[in-house]
Amino acid sequence: MAINPIDNKIYTYNDYLKFADDEVFEIIDGRISAMSPAPSRIHQEIIMEIAYEIKNYIKSKNCPCKVYPAPFDVVLKNDDDDVVSSRNVVQPDISVICDRNKLTDKGCIGSPDMIVEVVSPYNPSNDYIRKLSLYEQFKVREYWIVNPMEKNILVYILTDKGYDSPKIYSFNDTVKVNIYDDLEIDFKSLSLL
1 MAINPIDNKI
11 YTYNDYLKFA
21 DDEVFEIIDG
31 RISAMSPAPS
41 RIHQEIIMEI
51 AYEIKNYIKS
61 KNCPCKVYPA
71 PFDVVLKNDD
81 DDVVSSRNVV
91 QPDISVICDR
101 NKLTDKGCIG
111 SPDMIVEVVS
121 PYNPSNDYIR
131 KLSLYEQFKV
141 REYWIVNPME
151 KNILVYILTD
161 KGYDSPKIYS
171 FNDTVKVNIY
181 DDLEIDFKSL
191 SLL
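Each residue of the sequence shown is one higher than the last, beginning at 1 in UniProt numbering.
As structure tokens, then:
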């Protein structure tokens with residue numbers, strides 16, 4: 001399917017399924033959002049280290065949750081919406097899903113419990129503004145924005161009123177994973193070179 005990101009078409013998951021395999025896009029509010037060029041080495045290391053910590057915790061506690069790094073399709077929809085009509089298909093850097101009924105062979109249908117995005121210098125507003133609003137709207141319980149340039153982590157926790165002000169951490173801090181009672185990630189101990 002040929003994509004013209006500046007057209008006025010509203011795209012859905014049904015359109016997304018017709019994209020060529022070499023076309024890498026997300027759909028946010030029905031609009032095409034091109035993915036950044038190949039991520040940097042540090043971007044990939046951060047994803048691997050965080051995913052590894054969460055995966056080890058899940059394994060040690062025998063939790064039903066699963067953790068997936070990108071590329072991994074997440075179709076955000078309300079409970080009663082038809083999946084093919086969804087106007088939001090994203091590929092978070094890390095997705096943690098505890099309801100296995102949301103998992104399909106193609107990815108996740110519905111909101112993950114936790115999402116981590118690692119900021120790219122190419123489109124930081126995507127993570128700080130567009131995705132923050134989107135993840136709040138679709139009730140992602142915990143959202144981390146990890147910025148390797150600033151060496152900080154913003155942690156948003158969902159409340160009844162939406163996301164509170166973020167808790168702000170540095171790469172020298174230990175960060176609580178709030179979807180679990182007893183998981184903390186010590187950024188200082190991670191192998192981030």
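We put the beta carbon where it would ideally sit given N, CA and C, even for glycine.
Neighbour-count burial assignment, residue i, 16 or more Cβ in a 10 Å radius
i: residue 122; result: exposed
i: residue 110; result: buried
i: residue 134; result: buried
i: residue 139; result: exposed
i: residue 53; result: buried
i: residue 188; result: exposed
i: residue 92; result: buried
i: residue 27; result: buried
i: residue 142; result: buried
i: residue 154; result: buried
i: residue 117; result: buried
Residue i (DSSP reduced to helix, strand or coil)
i: residue 187; result: helix
i: residue 150; result: coil
i: residue 122; result: coil
i: residue 73; result: strand
i: residue 176; result: strand
i: residue 1; result: The pLDDT assigned to residue 1 is 48, lower than 50, so where the model puts this residue is not dependable, and the model offers no usable value.
i: residue 85; result: helix
i: residue 66; result: strand
i: residue 102; result: helix
Element boundaries [beta strand (DSSP E), containing residue i]
i: residue 48; result: Run containing residue 48: none in the beta strand (DSSP E); it sits in the alpha helix (DSSP H), 41-61.
i: residue 140; result: Premise fails: residue 140 is in no beta strand (DSSP E) and is neither H nor E.
i: residue 107; result: 107-109
i: residue 25; result: 25-28
i: residue 169; result: 167-170
Start-to-end residues for the alpha helix (DSSP H) that takes in residue i
i: residue 133; result: 131-137
i: residue 13; result: 13-16
Test item: CB-CB of residue i and residue j under 8 Å
i: residue 100; j: residue 30; result: no
i: residue 163; j: residue 136; result: yes
i: residue 74; j: residue 108; result: yes
i: residue 119; j: residue 94; result: no
i: residue 42; j: residue 148; result: yes
i: residue 112; j: residue 96; result: yes
i: residue 152; j: residue 170; result: yes
i: residue 90; j: residue 103; result: no
i: residue 156; j: residue 190; result: no
i: residue 126; j: residue 33; result: yes
Pairs of beta-carbons, one from the stretch 8-26 and one from the stretch 80-87, closer than 8 Å: are there three or more? yes
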